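The listed protein sequences derive, respectively, from chains E and L. Residue 204 in the UniProt record's numbering sits at position 204 of the first sequence, with consecutive numbering throughout. Residue 668 in the UniProt record's numbering sits at position 668 of the second sequence, with consecutive numbering throughout.
There are 2 protein chains.
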Amino acid sequence: MRRTGADLDRLAETESIFALANGWVGWRGTLDEGEPYGMPGSYLNGFHERRKLDYPEGGYAFPEASDTVVSAPNAALIRLWVNGEPLDIRTGTLRTHERVLDLRAGVLRRDTEWISPGGHGVRIRSTRLVSLPRRPVAAVRYEVEPLDGPVELRVCSDLLANENVPQRSDDPRAATVVQDPLTAEARRSDGLDGVLVHRTDRSAQRVAVAVAHLVDAPAVVAVDGDCTPDRLRLTLTGPLAPGERVRLTKFAAYECAPVDGTPPDELADLVVAEAAAARADGFDTLLAAQRAALDAAWRTADVELDGDPELQQAVRFAIFHLLQAGRPDGDRTIAAKGLTGNGYDGHVLWDTEGYVLPVLTYLAPEVARSALRWRHAHLPEARERAAELRLAGATFPWRTIGGRECSGYWPAATAGLHVNADIADAVLRYVAATGDTRFLAGPGLELLVETARLWHRFGHRSDDGAFHLFGVTGPDEYSALADDNVFTNLMARRNLRGAADAAERCPEAAAALGVDAAEVAAWRAAADAMAVPYDHERGVHQQSAGFTAQPEWDFANTGEDDYPLLLHHPYLELYRRQVVKQADLVLAMLRCPGEFTAEQKARNVAYYQPRTVRDSSLSAAPQAVLAAEVGHLDLAYDLFAESVLQDLADLGDKTADGLHLASLAGAWLALVQGFGGMRDDQGVLSFDPRLPRRIDRLAFHLRWRGHRLRVTLTAGEARYELPDAGPEATVEVWHHGERLRVGVAPVTRPMPPVPDAGPEPPCPPGRRPPRRA
Amino acid sequence: MRRTGADLDRLAETESIFALANGWVGWRGTLDEGEPYGMPGSYLNGFHERRKLDYPEGGYAFPEASDTVVSAPNAALIRLWVNGEPLDIRTGTLRTHERVLDLRAGVLRRDTEWISPGGHGVRIRSTRLVSLPRRPVAAVRYEVEPLDGPVELRVCSDLLANENVPQRSDDPRAATVVQDPLTAEARRSDGLDGVLVHRTDRSAQRVAVAVAHLVDAPAVVAVDGDCTPDRLRLTLTGPLAPGERVRLTKFAAYECAPVDGTPPDELADLVVAEAAAARADGFDTLLAAQRAALDAAWRTADVELDGDPELQQAVRFAIFHLLQAGRPDGDRTIAAKGLTGNGYDGHVLWDTEGYVLPVLTYLAPEVARSALRWRHAHLPEARERAAELRLAGATFPWRTIGGRECSGYWPAATAGLHVNADIADAVLRYVAATGDTRFLAGPGLELLVETARLWHRFGHRSDDGAFHLFGVTGPDEYSALADDNVFTNLMARRNLRGAADAAERCPEAAAALGVDAAEVAAWRAAADAMAVPYDHERGVHQQSAGFTAQPEWDFANTGEDDYPLLLHHPYLELYRRQVVKQADLVLAMLRCPGEFTAEQKARNVAYYQPRTVRDSSLSAAPQAVLAAEVGHLDLAYDLFAESVLQDLADLGDKTADGLHLASLAGAWLALVQGFGGMRDDQGVLSFDPRLPRRIDRLAFHLRWRGHRLRVTLTAGEARYELPDAGPEATVEVWHHGERLRVGVAPVTRPMPPVPDAGPEPPCPPGRRPPRRA
């Protein structure tokens with residue numbers, strides 16, 4: 001991923017795209033010299049401050065405070081002065097300026113030739129990495145050399161706390177920035193090394209960042225250290241002649257802990273040791289380890305898409321960011337923007353279980369497990385919240401960092417109870433793909449049981465015996481507080497049955513949670529009786545009860561500038577009309593495919609496609625999958641393109657705040673579940689592949705029950721194999737309804753012709769994604 | 001209305017009960033000496049500040065700012081020091097302390113004998129009034145005399161701006177207090193007179209208050225003036241021997257204007273002249289005029305209720321506060337708390353048209369007209385709001401002072417579109433009662449037309465031709481965003497038909513508003529097709545579509561401390577259950593009685609009574625009326641008592657913030673529409689009287705088409721007469737289905753026996769109003 005030139009108007013967007021992370025530390029792709037910047041950010045997974053929420057009219061159980069991500073001290077900064085003039089690409093002459101995100105090496109490289117306003121030229125090259133194998137470590141190697149004549153240099157390597165972060169917009173989806181969130185607790189500076197320890201006020205978290213430097217410079221260059229509570233600086237000064245070079249390598253280590261946990265000095269010792277160890281090993285060792293880790297990851301994660309080089313590259317970009325967003329160890333999850341920006345206040349939303357984990361489960365199942373363990377670690381808060389809401393079991397937050405509900409608009413949040421079923425679904429999916437019975441019997445079961453209890457309590461038996469979920473908000477945020485949202489109801493059914501199955505599979509663990517046969521039977525009965533609103537006249541499912549009787553949206557009087565609708569129309573209008581922000585009923589057909597006949601799917605796609613405006617980046621991918629399933633392959637491909645280009649093309653004008661990880665994950669779903677036709681909701685792995693014209697060959701891999709399954713699709717045939725497996729090992733997969741046993745030897749099957757799906761259902765006027773010729 | 005003793009725990013409540021107002025100036029019943037206080041307040045109708053609203057998650061068309069009532073400078077203060085010790089009823093010995101709100105004289109009298117901690121006794125008598133006939137004028141006469149021996153007195157008469165107002169609670173229904181809202185612009189002080197001029201910052205309103213004093217004291221008493229930007233003080237000091245007396249009379253005049261309207265000096269001149277004129281006339285003249293004005297008002301407004309002296313007094317208290325809340329001249333409305341407190345931020349809510357005007361229309365129709373003119377004056381803001389909401393016509397604010405929407409929680413506000421129909425209903429009711437065709441052809445028609453346009457645009461024709469109003473919130477705030485709320489739909493029908501009738505009656509005025517025959521026909525068609533959800537199985541109307549299919553509230557697990565439910569349960573639970581905060585379907589039966597059969601009314605009362613928790617003070621009165629109509633007269637009487645005692649018994653623990661004018665109005669409705677059985681929705685005046693056992697005799701008056709109709713009910717007979725009419729004049733009234741022509745000579749008819757209504761429907765457990773034995 002390469003960008004050339006200054007591109008000053010898109011700094012923040014570029015910072016998101018060039019962000020580096022390892023699931024623990026995240027550095028936005030700011031310039032080494034810090035300025036100009038769009039929105040600087042250096043994050044630690046889970047590190048946040050709390051801020052009070054004020055309501056014009058409050059209400060019971062409205063959260064009183066919200067978590068908001070704040071930057072940890074930024075160790076990426078290296079500033080440069082050339083003959084007294086600061087390197088700033090807005091001044092002087094930028095002869096060349098290129099930045100490359102190397103998706104295989106896992107580094108961000110920069111190569112700049114700059115002539116200062118005074119006429120002194122330098123070349124700067126830097127390489128930055130956030131170490132995948134070494135959790136606390138990030139590093140940058142920075143080189144300067146004169147271009148034409150001798151120069152006087154000053155190079156400052158900074159570790160900077162409380163970096164200024166601009167408040168970007170009034171858009172409710174953007175972040176609320178806490179200024180100066182960190183209070184200095186301790187600092188040490190010793191020659192080339194140093195450490196800063198800070199804490200947050202209200203969330204009571206402590207963060208320590210250490211830096212260790214290596215200097216490779218002519219002897220005349222002087223080295224000097226300087227330390228204030230919020231800044232640790234190493235300065236190199238001196239003349240540099242043509243042919244000479246200054247190379248500064250900085251190794252940083254990040255840790256955080258609760259204030260009442262590790263004391264400041266101890267935390268400082270920890271990161272000092274980590275930074276020193278990284279320096280002892282050297283930058284080249286970090287590079288090699290980074291490459292090795294990515295090589296291993298890409299073996300499973302890579303997708304080959306022949307026939308569309310732009311999207312091939314975009315898919316790899318998407319997967320790269322998914323891979324670096326999470327951690328395989330511990331219990332950390334993945335926020336909606338990962339560690340790439342402060343959008344949505346850095347919150348974790350249902351995007352994680354709804355979009356990201358359904359990919360990582362097959363590419364990096366340990367990361368999926370870590371994220372589910374994080375949910376499990378926050379069961380106490382979810383139980384408290386359920387009690388506060390006068391419900392049962394657990395109610396997970398709609399948005400959070402620290403585990404407590406942080407949403408300030410309950411109809412789109414608290415009422416979005418489906419997040420609980422999404423978590424249960426992710427558990428079931430993870431267990432099905434990995435066979436991880438230990439996880440199932442432990443955190444998995446507890447998550448399933450507590451969410452099942454929620455649904456059982458929340459539901460209502462009507463006179464006719466049907467089990468209803470009234471007054472909830474489904475995925476589509478242009479509806480709210482509706483009855484019997486099909487997505488929610490079917491996911492709750494899956495949740496209830498999954499909990500019942502798991503309880504019977506792990507009877508002792510279930511008993512320890514107080515589950516008895518009567519409770520299991522009650523769950524099954526509720527699931528069996530679940531209401532699923534269907535409009536018999538129109539032959540389509542209703543997104544929620546009554547949906548198809550609502551007025552239509554007035555698309556004829558809706559202009560291009562009216563999108564996203566939520567910024568130009570009141571909820572009063574949006575909620576009561578048949579206008580859909582994002583796949584909802586369509587997502588239900590993706591998650592619970594067995595609940596719909598093929599004919600229903602085709603009719604539902606035809607009905608909801610023209611009513612779905614895709615004002616959410618979560619929409620295109622599921623729509624792509626279902627369009628592919630019902631045979632509209634060109635439409636599916638264009639929707640896939642929208643999903644995968646969300647950030648590279650900044651389609652929503654929001655990439656500046658961080659990447660849309662769910663949309664990037666959706667790109668993989670569109671390929672693998674859409675064109676690969678992969679489904680696994682019944683615990684078996686099936687493929688109904690069908691390729692659009694634009695794809696000559698599509699190859700991808702899945703981790704399934706400990707194996708690496710490779711699937712290669714061309715217009716003519718589908719090929720299944722376990723390239724790493726021993727001669728005896730096989731897995732069962734289904735290909736268009738035929739059961740195959742697949743081992744190390746490839747099994748091939750012809751691709752059936754795609755049946756004629758009839759005319760493509762229109763998108764809302766002006767909203768069709770561009771046709772990729 | 002008399003209260004004896006200090007009652008320090010209920011100061012704020014007492015201040016509300018003893019508030020004086022004339023629809024323009026309002027003084028809370030604070031003590032003359034200002035302290036101790038509960039919540040001081042001196043208000044001008046419409047005088048407010050704007051404050052920014054912050055939302056954790058904003059949305060399109062969420063109001064960015066809100067009006068909030070602020071106190072005008074307080075001229076009621078007279079402080080006293082006795083031998084250097086301040087008069088404070090919390091100190092020394094309070095030998096006697098009595099305050100009387102004289103409902104006939106329209107004054108608040110105080111009589112206190114106090115012994116200072118140093119043992120010096122004084123008697124203080126004061127009389128306070130806010131002049132009904134003289135809009136800007138309020139006055140207080142204050143007398144001190146020694147009790148036993150000589151005393152050294154200091155009496156300070158203050159006019160105080162930016163008086164400290166405590167923030168009373170976190171309850172969302174309380175006020176948000178703006179501290180120091182007034183900026184001084186000008187002041188003058190001259191001997192016994194003075195004036196302060198201030199302005200607000202953001203609402204840009206200017207207020208001027210002048211005081212003029214009369215001093216009647218022994219010659220040895222010295223008089224001194226003092227003036228700072230926020231305080232104007234007149235001080236009397238000197239010795240007072242037994243038998244001597246200091247009498248200080250203060251005349252105050254209040255005006256306000258937009259900052260870009262009358263300049264400060266001009267406004268000052270205005271109030272100085274008013275205060276001086278009042279002084280020239282003298283306090284006794286003000287008293288006499290006050291008495292005369294009230295005598296005239298009581299002739300129509302008085303209700304005689306024999307058999308229950310406590311409630312007789314309470315009813316007169318209620319009516320007194322209704323009479324002083326509004327003004328007959330100009331275009332001023334009546335806020336939910338009138339001018340008695342800052343609850344609900346001093347906002348005007350639908351309480352005005354829904355409860356207060358349906359009383360004042362018959363007692364003081366000029367006041368009702370003034371309030372409707374206020375709505376009309378704010379049509380521009382309502383049109384703008386409709387455009388912002390992408391609707392048509394006018395959308396009146398849910399809560400406001402200055403005319404713009406100020407609500408911070410849209411599901412209970414913006415979605416409560418019924419306020420528009422309530423305004424239309426008040427117009428129709430006013431025109432029917434008065435025959436004021438000039439008003440109809442002017443402001444009335446425009447209000448009717450613009451609200452009809454709203455409904456026509458908002459509604460949706462379903463496939464079966466029915467006209468639906470989806471996604472609205474009816475009166476019951478424990479439901480929201482429901483479809484086809486019966487109250488809203490029937491009131492919208494009335495609105496549409498009323499607009500159509502009026503347009504046909506005033507063709508030229510209608511044409512000037514762009515109304516043509518097609519539009520009128522469209523209104524009628526929409527009205528005719530209006531959906532009215534009915535549960536055929538249960539034989540009851542559904543409050544909104546699907547209501548009777550919702551889960552029931554779990555009353556078995558709801559304790560006494562759980563009320564009001566909104567402070568202890570999330571909307572998520574409240575909204576989706578069959579639990580009703582306040583009369584909604586029942587109110588529909590009161591407002592649109594012709595839309596229901598007698599059998600339906602009885603079944604609906606039986607159905608909704610046990611599901612209505614009356615967490616709103618708006619509920620008891622309509623429930624009383626319908627309980628009376630269907631024959632549960634004891635229940636009706638107890639509900640009437642709840643309504644009339646709302647503030648005197650502080651039933652909702654909210655009287656401190658101001659009186660519940662809607663509930664006080666409801667008391668009259670309970671008597672006249674409940675036991676009198678008065679209905680007028682069809683443009684004719686009918687009575688189906690039925691008295692509960694507790695009432696021996698009930699007499700009341702109505703202004704109807706320019707006449708004063710007196711109705712006297714006893715167990716045996718109903719008597720109708722026009723006591724003031726000439727020999728020829730008659731009006732048509734109906735008595736239990738019989739048409740009568742009533743003139744100056746009484747017409748009597750027997751009271752038919754009350755049919756057996758069967759067992760009384762229960763209230764929710766623990767929620768029955770106490771039985772009045």
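A virtual CB, placed ideally from N, CA and C, is assigned to each residue, including glycine. Owing to the predicted nature of the structure, the values given are computational and were not obtained by experimental measurement.
Item to complete: At 4 residues or longer, and completely inside the region 406 to 479 of chain L: list those alpha helix (DSSP H) runs for me, N to C.
Response: 418 to 434, 445 to 458
Fill in: Buried or exposed (CB count within 10 angstroms, at least 16 for buried), E:Gln578
As a working note, residue 578 of chain E is residue 578 in the first sequence. By the neighbour-count rule (16 or more Cβ atoms within 10 Å), E:Gln578 is buried.
Fill in: Top-ranked residue by Cα proximity to E:Leu572, from L:Thr414, L:Thr249, L:Pro73, L:Pro40
Residue numbering aside, residue 572 of chain E sits at position 572 when the first sequence is read from its first letter. Closest in alpha carbon position to E:Leu572, among L:Thr414, L:Thr249, L:Pro73, L:Pro40, is L:Thr414.
Item to complete: Could you say which of L:Pro166, L:Gly594, L:Pro759 lies nearest to L:Leu633 if we only look at CA atoms?
Response: In the second sequence, counting from the first residue as 1, residue 633 of chain L sits at position 633. Of the listed residues, the one whose Cα sits closest to L:Leu633 is L:Pro759.
Item to complete: Taking E:Glu113 as part of the beta strand (DSSP E), name the residues at either end of that continuous run.
Response: Residue 113 of chain E sits at position 113 when you count from the first residue of the first sequence. Element bounds for E:Glu113: 107 to 115.
Worksheet item: Straight-line CA distance for E:Arg697 to E:Asp308?
Response: As a working mapping, residue 697 of chain E is identified with position 697 in the first sequence. As a working mapping, residue 308 of chain E is identified with position 308 in the first sequence. One C-alpha to the other measures close to 10 Å.
Fill in: Proximal residues to E:Glu405 (C-beta, below 6 Å), its chain only, five neighbours per side dropped
Here residue 405 of chain E refers to the residue found at position 405 when the first sequence is read from its first residue. Only Pro63, Arg385, Pro397 meet the Cβ criterion.
Worksheet item: Counting pairs of Cβ atoms below 8 Å between the region 596 to 604 of chain E and the region 684 to 702 of chain E, do you hit three or more?
Response: no
Worksheet item: Ordered along the chain, which non-local residues of its own chain (more than five positions away) have a Cβ less than 7 Å from that of L:Leu214?
Response: Along the second sequence, read from residue 1 onward, the residue named residue 214 of chain L stands at position 214. Thr249, Arg279, listed in sequence order.
Worksheet item: Does E:Leu389 have its Cβ less than 8 Å from a Cβ in chain L?
Response: As a first step, residue 389 of chain E is located in the first sequence; it is residue number 389 there, counting from the start. So, interface residue.
Fill in: Straight-line gap, L:Pro717 to L:Asp484 (C-alpha atoms, nearest Å)
Position 717 of the second sequence, counted from the start, is the residue given in the question as residue 717 of chain L. Position 484 of the second sequence, counted from the start, is the residue given in the question as residue 484 of chain L. The displayed chain sequence assigns Glu, not Pro, to residue 717 of chain L. Rounded to whole angstroms, L:Glu717 to L:Asp484 spans 42 Å at the Cα level.
Worksheet item: By the criterion of Cβ-Cβ separation under 8 Å, what are the contact partners of E:Asp308 in chain A?
Response: In the structure shown, chain A does not exist; the protein chains are E and L.
Item to complete: For L:Arg710, collect the residues of the same chain with a Cβ closer than 6 Å to its Cβ; drop the 5 residues on either side in sequence, then sort them by chain order.
Response: Here residue 710 of chain L refers to the residue found at position 710 when the second sequence is read from its first residue. These residues qualify, in order along the chain: His701, Glu721, Pro723.
Worksheet item: For L:Ala549, which residues in chain E fall below 9 Å Cβ to Cβ?
Response: Taking the second sequence and counting its residues from 1, the one referred to as residue 549 of chain L is at position 549. Correct list: His460, Ser462, Asp463, His468, Phe470, Asp483.
Item to complete: With a threshold of 16 other CB atoms inside 10 Å of the CB of L:Lys52, please say whether the residue is buried or exposed.
Response: In the second sequence, residue 52 of chain L corresponds to position 52, counting from 1. Label assigned to L:Lys52: exposed.
Worksheet entry | Outcome for L:Val754 when other beta-carbon atoms lying within 10 angstroms are tallied against a minimum of 16 | Numbered from its first residue, the second sequence carries residue 754 of chain L at position 754. So L:Val754 ends up on the exposed side.
Item to complete: State yes or no: is the beta carbon of E:Thr451 nearer than 8 Å to at least one beta carbon in chain L?
Response: Translated into the one-based positions of the first sequence, residue 451 of chain E becomes position 451. Taking Cβ atoms only, chain L never reaches closer than 8 Å to E:Thr451, which makes this a no.
Discussion item. Report the CB separation of E:Pro136 from E:Glu185 in whole angstroms; it is logged as a contact under 8 Å.
Written reply: Position 136 of the first sequence, counting from 1, holds the residue named residue 136 of chain E. Position 185 of the first sequence, counting from 1, holds the residue named residue 185 of chain E. In fact, because the Cβ distance is near 18 Å, the residues do not count as touching under 8 Å.
Discussion item. Please list, in chain order, the chain L residues whose beta carbon lies closer than 7 Å to that of E:Leu618.
Written reply: The sequence position of residue 618 of chain E within the first sequence is 618, counting from 1. Those do not exist, as E:Leu618 stays about 17 Å from chain L at its closest Cβ, beyond 7 Å.
Fill in: 4 or more residues per run - each alpha helix (DSSP H) lying fully within the region 350 to 405 of chain L
Within the region 350 to 405 of chain L, the complete alpha helix (DSSP H) runs of at least 4 residues fall at 357 to 363, 365 to 377, 379 to 388.
Discussion item. With a threshold of 8 Å, are at least 3 pairs of Cβ atoms found where one atom belongs to the region 287 to 297 of chain E and the other to the region 328 to 335 of chain E?
Written reply: no
Worksheet item: On the three-state DSSP scale, how would you describe E:Tyr37?
Response: Position 37 of the first sequence, counted from the first residue, corresponds to residue 37 of chain E. Note: E:Tyr37 maps to coil in three-state DSSP.
Worksheet item: Cα-Cα, which of L:Pro475, L:Pro564, L:Glu595 is closest to L:Ser544?
Response: Counting from 1 along the second sequence, the entry for residue 544 of chain L is found at position 544. That would be L:Pro475, whose Cα lies nearest to the Cα of L:Ser544.
Worksheet item: If you compare alpha carbons, which of E:Ala364, E:Trp410, E:Ala480, E:Ala502 is closest to E:Leu428?
Response: As a first step, residue 428 of chain E is located in the first sequence; it is residue number 428 there, counting from the start. Of E:Ala364, E:Trp410, E:Ala480, E:Ala502, the residue nearest in Cα terms is E:Ala502.
Fill in: Reference L:Gly343, options L:Arg375, L:Tyr43, L:Val747, closest by Cα
As a position in the second sequence, residue 343 of chain L is number 343, starting the count at 1. Looking at the Cα atoms, L:Tyr43 is the closest of the given residues.
Worksheet item: Helix or strand or just coil, what does DSSP make of L:Trp668?
Response: The residue you call residue 668 of chain L lines up with position 668 of the second sequence. Helix at L:Trp668.
Discussion item. Tell me the residue span of the alpha helix (DSSP H) that contains L:His321.
Written reply: Here residue 321 of chain L refers to the residue found at position 321 when the second sequence is read from its first residue. Here the alpha helix (DSSP H) through L:His321 covers 309 to 325.
Worksheet item: Going by C-alpha distance, which of L:Val197, L:Ala296, L:Val144, L:Pro56 is nearest L:His120?
Response: Walking along the second sequence from the start, residue 120 of chain L turns up at place 120. Shortest Cα-Cα distance from L:His120 to any of L:Val197, L:Ala296, L:Val144, L:Pro56 involves L:Val144.
Practice prompt. Could you tell me whether the Cβ of E:Asp584 comes closer than 8 Å to any Cβ of chain L?
Written response: Numbered from 1 along the first sequence, position 584 holds the residue referred to as residue 584 of chain E. With 8 Å as the cut-off, E:Asp584 does not count as an interface residue toward chain L.
Fill in: First through last residue of the beta strand (DSSP E) which encompasses L:Glu143
Your numbering for residue 143 of chain L matches position 143 in the second sequence. 137 to 146 is the span of the beta strand (DSSP E), which, as asked, contains L:Glu143.
Practice prompt. Within its chain, find whatever has a CB closer than 7 Å to the CB of E:Thr558; leave out the 5 residues flanking it on each side and keep chain order.
Written response: Here residue 558 of chain E refers to the residue found at position 558 of the first sequence. Taken in chain order, the list of residues that qualify is empty.
Worksheet entry | Segments assigned beta strand (DSSP E), at least 3 residues, entirely inside the region 7 to 80 of chain E | 25 to 27, 42 to 44, 48 to 52, 65 to 69
Worksheet item: Does E:Pro328 get closer than 8 Å to chain L when you measure Cβ to Cβ?
Response: Taking the first sequence and counting its residues from 1, the one referred to as residue 328 of chain E is at position 328. For E:Pro328, the answer is no, since every Cβ of chain L falls outside 8 Å of its Cβ.
Fill in: Below-8 Å beta-carbon distance, residue 862 of chain L vs any chain E residue
Nothing about residue 862 of chain L can be reported from this structure: the residues present for chain L run from 1 to 773 only.
Worksheet item: Between the Cα of residue 823 of chain L and the Cα atoms of L:Glu98, L:Ala65, L:Gly59, which residue gives the shortest distance?
Response: This structure leaves residue 823 of chain L out entirely; chain L is present only between 1 and 773.
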